[in-house]
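Listed in order, the protein sequences are those of chains A and B.
Those letters in the first sequence? Residues 160 to 484, by this note's numbering.
Those letters in the second sequence? Residues 160 to 484, by this note's numbering.
What follows is one structure encoded as structure tokens, with my remarks underneath.
Number of protein chains: 2
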Amino acid sequence: MKKTLIIILFLQIFFLSVSDTKKSVLAEDQLPSWDSGIREKIVSYTDMVTDPKNPGFIPESERFAVFDNDGTLWAEQPVIEELFIIYYAKKMIEKDPSLKNKSPFNRMNDFYSNGKFVIKDRRVFDEIVGIVHEGMTNEEFQKTAEAFFRETKYPGLNVPLEKTVYQPQLELMNYLRKKGFKVYICSGGESDFMRVISEKYYGISKEQVIGSELVFEYNENTNVMIRRSKLYTDNNGRAKAVNIYQRLGRPAVFAVGNVRSGGDIYMLRYSQASKYPSFQLLIDHDDEKREFLYSESDNISLEWAKKYNWNVVSMKNDWKQIFPK
Amino acid sequence: MKKTLIIILFLQIFFLSVSDTKKSVLAEDQLPSWDSGIREKIVSYTDMVTDPKNPGFIPESERFAVFDNDGTLWAEQPVIEELFIIYYAKKMIEKDPSLKNKSPFNRMNDFYSNGKFVIKDRRVFDEIVGIVHEGMTNEEFQKTAEAFFRETKYPGLNVPLEKTVYQPQLELMNYLRKKGFKVYICSGGESDFMRVISEKYYGISKEQVIGSELVFEYNENTNVMIRRSKLYTDNNGRAKAVNIYQRLGRPAVFAVGNVRSGGDIYMLRYSQASKYPSFQLLIDHDDEKREFLYSESDNISLEWAKKYNWNVVSMKNDWKQIFPK
């Protein structure tokens, strides 16, 4: 054991001695899918906050980054958690075919229009959400969600779900971790659903996932938690700012969200409450060819980006590659 | 920079080469305030879970420890957060003396009986709690609580509050961290109150504090959070088990609580839901001379300790030293 450690330490010395890379070269290697313009902004920020001689220096213990999930880390046309709801409802019908003729299951075909997944009636869908989430133990839920991720392909793209993750974001999260940042997810998605894949897809451990939370009932005799369909925390909008504070005890200095519903603007804005220099990225889905083209009816995210000086990322122009190969 | 790193690595090699300590000796050095009986149980557990060849091995990423705070990490006769409420109410009266004759402030003397702090009327006290917590920004609250910790001595013991922390627990938390555990607080105390001292007193960073939470209102124009006196999460009893799961995404394997109200039994019990070997410590306040003597009316904590095979720590017999020197 001790010998192994000594060998590892010698190897570290060896690599420290032979490496002579400049910062910019390193960044290009580490963020190859990012266009140089936005990459330089990221690098100049991290250079500043990691340099103890710079007035903008941030102690390592205070370096927190938060990423939204749907539309920021992976595709959201359709939202993957909504696919899971349909997946699970179908499993329920397989087990008990009589459900097929009962409400709300008898209206499930409504979600597909010309083979595309569209939620026309949100109330019917929410009814099914309630049924799916009600009464499972957390272990059962994990297994079910794991099976979903194994078995499902993404509509339209026809790839496994892991391949809908954005390559540039994988690079960015790794880059930030190397710079001493603790990287968190802060998403409207349900915590346990994201935790099933957060480590595998993103390298984010379960305790660094901030999401919407269901009410749980703990039974001390059986020592299990039962999931209830009632929301305890709806982690969207202003709640994202509040929950970041409740979880971290301070603002995160690096925040990444996307244009779609305005759901990330409070999270991005709140990073600017830090006493340290902060950095904001807003992902704009403007790449019809390689991903999806969509925007907001009220344009609020882009307006706030302008007002508060956030960096807007054009997927079309700023990302050389969208999905992992 | 690179040179310094190389020197540090050589020093590491040097110390690895000259050190030849046996595990038990090391534990005695690291847990000197613990009686050998309970210390051996702790060491044998950590030896097992950190040994990759042992079937009880726990990957480092899964090693979580949770400690209650009041009565587990520091004294709770009286509860320090209650002293803060009185401290702040007095500050309010200093600023506006007319409050002195108004309810509930005119009944504040009720809390002292023969110079001892006693809450006779919980409703009056709760009214004051509501007033104290209402409407401050989180920055204002932090500053106020910091001043309280600087200025306050603990009644009865007549020492600064930092000296009411239990020395054996400081040793235990350091020991666990060296063994790769992430150490969290899980307490009924309000999160922000504990976060003011968690790093300084315990070496626990703010994001590793799980506590009761107030409702916060976020204002995106001023970019501040306003504290409301309403509880969002009351982190006591069963809620401790649920909140550990919500925060960590799995049970903590090492749990420490104390006898007083039965408030920690669910937290201790829930650690046994882990798929890995777990360890429980229940602190019994049986040392009238060096600390305080108190128990529970229904004895439920000690009963569960017996039923579920937890380790009971007698402060009198198992702790050689109570407070730091």
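Just so you know, even glycine gets a beta-carbon here, dropped at the ideal spot from N, CA and C.
- The beta-carbon separation of B:Tyr343 and B:Ala411, rounded to 7 Å, stays under the 8 Å limit for a contact.
- Note that the stretch 330-341 of chain A touches the stretch 210-222 of chain A; at least 3 beta-carbon pairs, one per stretch, sit closer than 8 Å.
- DSSP, reduced to helix, strand and coil, places A:Gln439 within a strand of the structure shown.
- For B:Val368, the neighbours in chain A by C-beta distance under 7 Å run, in chain order, Gly408.
- Assigned with DSSP and collapsed to three states, B:Leu390 falls in strand.
- Counting only unbroken stretches of 3 or more residues, the beta strand (DSSP E) elements lying wholly within the stretch 361-440 of chain A are 368-378, 383-392 and 413-417, in sequence order.
- Inter-residue distance for B:Asp445 and B:Asp206 is about 29 Å (C-alpha atoms, whole angstroms).
- Non-local beta-carbon contacts of B:Tyr391 in its own chain, meaning distances under 7 Å to residues more than five positions away in sequence, involve Glu372, Leu373 and Val374 in chain order.
- Assignment of beta-bridge partners to B:Glu349 by DSSP yields B:Ser371.
- Neighbours of B:Val383 in chain A, taken as residues at a C-beta separation under 9 Å, are given in chain order as Ala432.
- Along the stretch 284-313 of chain B, the positions whose C-beta sits under 8 Å from a C-beta of chain A are Asn297, read in chain order.
- With a cut-off of 8 Å on Cβ pairs, the stretch 323-335 of chain B is in contact with the stretch 221-240 of chain B, counting three or more such pairs.
- For B:Phe223, the nearest CB of chain A lies under 9 Å from its own CB, placing it at the interface with that chain.
- Cβ proximity to chain A below 7 Å picks out Met384, Arg397, Ala400, Val401, Tyr404 and Gln405 from the stretch 384-405 of chain B.
- Distance from the CA of B:Leu242 to the CA of B:Ile287, rounded to the nearest whole angstrom, comes to 12 Å.
- Excluding the 5 residues flanking it on each side, B:Ser272 has same chain C-beta neighbours closer than 8 Å at Lys279, in chain order.
- In terms of beta-carbon proximity, B:Ser350 lines the interface with chain A, with at least one pair separated by less than 9 Å.
- Residues of chain B whose Cβ lies closer than 8 Å to the Cβ of A:Arg428 are, in chain order, Glu379 and Asn382.
- By the neighbour-count criterion, in which 16 or more other beta carbons inside 10 Å mark a residue as buried, A:Asn395 falls on the buried side.
- Not a single C-beta of chain B is nearer than 9 Å to the C-beta of A:Ile201.
- Residues of chain A with a Cβ closer than 7 Å to the Cβ of B:Tyr425 are, in chain order, Tyr377 and Glu379.
- In the structure shown, the three-state DSSP call for B:Thr231 is coil.
- Listed along chain B, the residues sitting closer than 8 Å to A:Lys365 by beta-carbon distance are Leu407, Gly408 and Arg409.
- Taking 4 residues as the minimum length, the alpha helix (DSSP H) runs contained wholly in the stretch 220-304 of chain A are 239-254 and 281-292, in order along the chain.
- Beta-bridge partners assigned by DSSP to B:Leu452: B:Asp445.
- Counting C-beta atoms within 10 angstroms of its own C-beta, B:Asp210 has fewer than 16 neighbours from the protein chains shown and is therefore classed as exposed.
- The alpha-carbon of B:Arg309 is positioned some 46 Å away from that of A:Thr296.
- When the beta-carbon positions are compared, A:Asn228 and A:Gly348 come within less than 9 Å of each other.
- Against chain B, the CB of A:Lys341 has a partner CB under 9 Å away; the residue lies at that interface.
- The Cβ of A:Arg354 sits closer than 9 Å to at least one Cβ of chain B.
- A:Pro319 sits in a strand when the DSSP states are folded into three classes.
- In this chain, the beta strand (DSSP E) harbouring B:Val471 covers Asn470 to Ser473.
- Using a Cβ-Cβ cut-off of 9 Å, A:Glu240 does not count as an interface residue toward chain B, since no Cβ of chain B sits closer than that to its own.
- Distances from the CA of A:Gly362 to each of A:Ser388, A:Asn333, A:Met267 and A:Asn380 were compared; the closest alpha carbon is that of A:Asn333.
- About 27 Å separates the beta carbons of A:Ser460 and A:Gly408, which is beyond the 8 Å limit, so they are not a contact pair.
- Sequence-distant Cβ neighbours of A:Gln439 in its own chain, meaning closer than 7 Å and more than five residues away, are Ala414, Leu427, Ser430, Trp469 and Asn470.
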